[in-house]
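The structure under discussion appears below in the form of structure tokens.
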Amino acid sequence: MTLLPLVVVTAVWGITFVQVKDAVAVYPLFAFLAVRYAIATGALGLAGFGRVQTLGRPGVAAGSVVGALGALGIGLQTAGLERTTVSSTGFITGLYVVLTPLFGLALFRTRVRIEVWAGILLSVVGLGLLSGVQVGSATGNALVLVSTSAQALQIVMVERYAARFDAVALTLVAMATSCLGFLVIAVALGDLPIPRGWTVWGALLVTGVFASAFAVLIQVWAQRRMSAARIALVFALETVFAGLFGYLLKDDRLGWLGWGGCALILAGIVFAEPAAAETLRTAISRSPGRLRRRTRAARPGADP
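For the sequence shown, my numbering gives the first residue as 33, with consecutive numbering after it.
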């Protein structure tokens with residue numbers, strides 16, 4: 033099942049919001065990102081190094097594009113977050129559910145079905161409710177919007193490349209490209225100390241191995257089976273999980289609007305994603321109340 037691994041990826045991304053926030057409070061941001069992607073490169077190195085030669089120049093170029101867009105997205109998102117509100121950042125970042133199908137249509141004439149557009153609309157409204165959409169800084173919002181565009185382009189380009197190249201090798205090149213970009217920035221800033229303490233190392237290991245290497249690998253694998261627009265819609269769950277883990281681990285309070293936003297995002301995914309809709313129907317059909325009603329109906333003389 034393609035949907036379940038993607039949901040797990042969004043859950044990992046959601047929980048790492050808390051870890052990364054704590055880590056970059058005590059360790060430089062670009063140094064953190066450089067080490068994170070170095071760990072991601074190492075995690076895939078043993079399995080993928082020998083496969084890189086199968087990519088050829090086109091495959092290496094494809095992996096470099098994916099890695100550069102990923103690095104641009106997370107770098108500009110963080111820069112924008114320093115200048116605008118968290119709610120604005122969350123809402124604008126979630127807009128890649130709209131930008132992804134638009135870029136696919138503009139660049140590759142990729143058509144999107146009407147039910148997917150309906151799911152996207154529900155998700156955007158849900159993102160607005162969940163984030164609160166406070167205005168924030170115009171400069172910060174612009175940076176986050178560019179980062180969101182980079183993330184949407186990355187999803188579109190992965191769809192373009194996923195079926196053509198080896199998934200592990202392509203992801204390895206992407207991770208190495210992101211690492212190189214952040215390493216250059218950290219060295220230029222003269223700010224690359226050795227990480228110390230479990231707060232930093234814990235965040236580095238989780239984000240490097242699970243939120244970067246394996247997450248992008250699962251994305252590449254999944255986009256051989258799902259369209260970019262549907263992938264982006266499932267990825268909107270990242271915002272839901274971020275709110276959920278913020279509630280559980282940081283005592284954040286979403287309120288009724290926030291939880292309503294979560295519900296709309298989930299509804300959008302169920303509406304547009306056949307596997308999610310089938311899972312929901314199966315869960316409802318197996319619910320205890322439904323089973324009791326069926327049992328009563330099957331008995332002779334049961335109440336109507």
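Heads up, the beta-carbon is just placed ideally off N, CA and C, and yes, glycines get one too.
Everything numeric in this text was worked out from a predicted model, so none of it was measured.
Residue nearest to alanine 245 within the set Val58, Trp230, Val67 is Val67 (criterion: CA-CA distance). The C-beta separation of tyrosine 128 from alanine 220 comes to about 28 angstroms, leaving the pair out of contact by the 8 angstroms criterion. Residue environment analysis places glutamate 147 among the exposed positions, since fewer than 16 neighbouring C-beta atoms fall within 10 angstroms of its C-beta. According to the DSSP assignment, glutamine 51 belongs to the alpha helix (DSSP H) that extends over 35 to 55. Minimum Cα-Cα distance from serine 96 among the listed residues Gly213, Gly112, Arg143 corresponds to Gly213.
Burial is judged here by how many other beta carbons sit within 10 angstroms of a residue's own beta carbon; isoleucine 106 has at least 16 and is buried. Threonine 180 and leucine 202 have their C-alpha atoms some 22 angstroms from each other. Linking alanine 208 to tryptophan 288 through their CA atoms gives a straight-line distance of about 42 angstroms. Collapsing the DSSP output to three states places phenylalanine 246 in a helix.
Distances from the alpha-carbon of lysine 53 to those of Phe135, Leu113, Arg228 put Leu113 closest.
Leucine 177: member of the alpha helix (DSSP H) spanning 170 to 193, first to last residue. At a Cβ-Cβ threshold of 9 angstroms, isoleucine 124 and leucine 161 do not count as neighbours. Membership of serine 96 in the alpha helix (DSSP H) is indicated by the continuous run 88 to 113. Look at threonine 239 here: in three-state DSSP terms it is helix.
Straight-line measurement puts the Cα of valine 200 at about 11 angstroms from the Cα of glutamine 251. With respect to the 9 angstroms criterion, isoleucine 71 and leucine 236 are classified as neighbours on the basis of their beta carbons. Assigned with DSSP and collapsed to three states, proline 133 falls in helix. Distance check between cysteine 211 and each of Val56, Phe140, Phe62, Thr231 places Phe62 closest, using alpha-carbon atoms only.
Taking tryptophan 149 as the centre and dropping the five residues before and after it, the same chain places no C-beta closer than 6 angstroms to its C-beta.
Taking the Cβ atoms as the reference, leucine 175 lies roughly 7 angstroms from arginine 115, within the contact range of under 8 angstroms.
Residues of the same chain with a CB within less than 7 angstroms of the CB of alanine 94, apart from the 5 flanking positions on each side, are Tyr193, Phe197, Leu202 in chain order.
In this structure, the CA atom of alanine 79 is about 12 angstroms from the CA atom of valine 205. In the three-state DSSP reduction, glutamine 85 falls in the helix class (H, G or I). In this structure, the straight-line span from the alpha carbon of proline 227 to that of valine 241 is close to 16 angstroms. Closest by C-alpha distance to alanine 254, out of Ala195, Ala184, Val144, Leu159, is Ala195.
In this structure alanine 138 is exposed. Its beta-carbon is surrounded by fewer than 16 other beta-carbon atoms within 10 angstroms.
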